[in-house]
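Going by my numbering, the first residue of the sequence shown is number 769, and it counts up by one from there.
Note that the Cβ used here is the ideal one computed from N, Cα and C, for glycine as well.
Step one of this worksheet: look at the structure below.
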Amino acid sequence: MQNIASGVCVTKRMVDDAVDFAHASGIVMLNKPDESSRDRQKSSHAPFTMYPSSFSKSAVSQTQSVQDDIHSLFHKVSRDVSFLEEVLRSTIAVDSFVKNLFEIYKATLTNEFAQKVEIGIYRSDYMLQKSPGEPVVFLPKQIEINTMAASFFGIGTNKVKRLQQYNLRNASITCDNLDMPENGALDGIARVMVEGWKKYGNPEALFVFMINKSETNIYDQRAIEYAMYEYDPAVKVRRKVFNDCISTTRTDQDGKLFIDDEEVAVVYFRTCYMPDHFPTTKHWEVRKLIELSCAIKSPSIAHQLVGSKKLQQVLAKPGVLEKFIKDENAVKRLRDTFAELYSLDMNAAGDAAVKLALERPEGFVLKPQREGGGNNLYDSEMVDRLTEIGRDERRCAYILMEKIIPPVQKNYIIYDRVCSMANTVSELGIFGAFLTNGDEVTNSHTVGHLLRSKSDKHKDGGVAAGVAVLDSPILI
Ligand code: ADP
Ligand code: MG
């Protein structure tokens, strides 16, 4: 693999220049809150790699080519109540978070104010896996699909490409013959978000970004808001902290949603994807009130549920894709991107999967139904958890996945103004956005990508989790 960073030395001036560029172009995050300070939280540049990383061009086009298939597949699944119920049954029995989501989902099925329009903002993540045999090629394998609160299209896409082009220029490396693809994720998603808002039919009603109190990734969200204004200055975005909305959210007799006495057209969730986001039953009631209102949701509870890792595992089973997709080529395209996934249900197949993981722990990842990084278990932690759970039903809360070993390349990681050389591995995310109208998927677009890289010493990932850093690809 072509490796730009090896052989280039980085001076302190180049690091300072890069950090300034990152700040100036808004590649910035809030620092973790300092409880002892009454000042507004300070911000720092988001971590990034100094130079772009090489990534397989054919893997990018292959993963882009399945994004539309993913939108229509997941929308179909989200509307197939009996299938979803069957898939999630064992998980619901042991995972109260998924159980609560599913109860709201069931309540939507008889909802007199059901909203046909949904806004889907998806990011499908992949790592490269060496093919067996000769010649060696790297094939994309799907790590997960984020159907909710998919982040970093605000600050992590074209802005990072521009930053790295600047860094290359600073190192006297010409970009002319480097294939660094344009990245339309921010504008592309902002457009679909605004088009969704228009479908509500009241230009006075708000587009609400529902967020967490201690959110650190606010500039990523702000960048989206500004891109929406750029596309249509008439849209009215408001940021609301979910916790603050608990006593100020209501619906009227027509199912219209009001927060702080203002009518809401769209609720875009950048919260509500973790148990911590629901500290009381009242929080669940408000989430349900929002879902049953006629406001447009992004995502709906149905689309949140189809992002579960359990569904990812079931869709990879032989014959399941075929139930939803008639086009054989589309089935093959999708299946080619799937890694080996195993159910841990209480049956012979589940027992065999546990045995596999205990015999060769370095080959697998144990995943619960959670988002946001830091939840998966590897190596001895995985063994300890599986051993502790034993033959208890609690194992149904997890799935098992083969561990992908992606190619390693050298790069400089800039973390809090400090530069260090690392052996890095990369994860490619493909962004897509769409609207729905009942059974139909409309406005489906594959809009751009996100490359995140991390030192190969880390097992888990996530920029917000402090492990991965923002990067962009050179296609080779
Ligand atoms: P989350 O919902 O927490 O983001 P992911 O499934 O994306 O969960 O896993 C988090 C991180 O763990 C990924 O970004 C990746 O770095 C690593 N990871 C997950 N699955 C695998 C796998 N099968 N092989 C190698 N690394 C993995
Ligand atoms: Mg992830």
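The beta carbon of Arg1007 sits no closer than 7 Å to any heavy atom of the ligand ADP. In this structure, the C-beta of Ala1125 stays at least 7 Å away from each heavy atom of the ligand ADP. The secondary-structure analysis by DSSP pairs Glu1195 across a beta bridge with Arg1220. Three or more Cβ pairs closer than 8 Å define a contact, and the segment 866-881 falls short of that threshold against the segment 1220-1236. Judged by DSSP secondary structure, Met1169 falls within the beta strand (DSSP E) whose first and last residues are Tyr1166 to Glu1170. A distance criterion of 7 Å places the beta-carbon of Glu853 beyond contact range of the ligand ADP, judged by its closest non-hydrogen atom.
Every unbroken stretch of the beta strand (DSSP E) spanning 3 or more residues and falling wholly within the segment 798-859 is given here in chain order: 811-813 and 821-823.
When DSSP states are grouped into helix, strand and coil, Pro1047 belongs to the coil group.
Here DSSP, grouped into helix, strand and coil, assigns Asp955 to helix. Restricted to the segment 997-1059, the beta strand (DSSP E) segments that are unbroken, complete and at least 3 residues in length are 1005-1009, 1017-1019, 1025-1027 and 1030-1037, listed in chain order. Taken through DSSP and simplified to helix, strand or coil, Gly964 comes out as helix.
For Ser1061, the closest of Asp1022, Ala1236, Cys1040 and Val1151 by C-alpha to C-alpha distance is Asp1022.
Annotated three-state conformation of Gly775 is coil, per DSSP.
The C-alpha of Met797 is placed about 21 Å away from the C-alpha of Val976. Check the Cα spacing between Asp988 and each of Ala790, Ala1190, Cys777 and Asn970: the tightest is with Ala790. For Ala773 and Val928, the gap between their C-alpha atoms comes out near 16 Å. Between Phe842 and Asp1000, the alpha-carbon positions lie close to 29 Å from each other. Taking a cut-off of 8 Å on C-beta distances, the segment 879-891 touches the segment 1198-1212, as three or more cross pairs fall below it. Residue pairing for His1071: DSSP places it in no beta bridge. Using a Cβ distance threshold of 8 Å, Tyr1110 and Pro1136 do not count as a contacting pair.
Residue Phe1106 holds the alpha-carbon nearest to the alpha-carbon of Gln1080 among Phe1106, Lys810 and Ser793. Residue pairing by DSSP puts Gly1200 in a beta bridge opposite Tyr890 and Thr1214. Here His1071 is near Thr915, since their CB atoms are less than 8 Å apart. Between Cys1164 and Asp1113, the beta carbon gap of about 6 Å places them in contact (Cβ cut-off 8 Å). DSSP places Asp1119 within a helical segment (H, G or I) once states are collapsed to three.
Relative to the ligand MG, Glu1059 has its C-beta separated by 7 Å or more from all heavy atoms.
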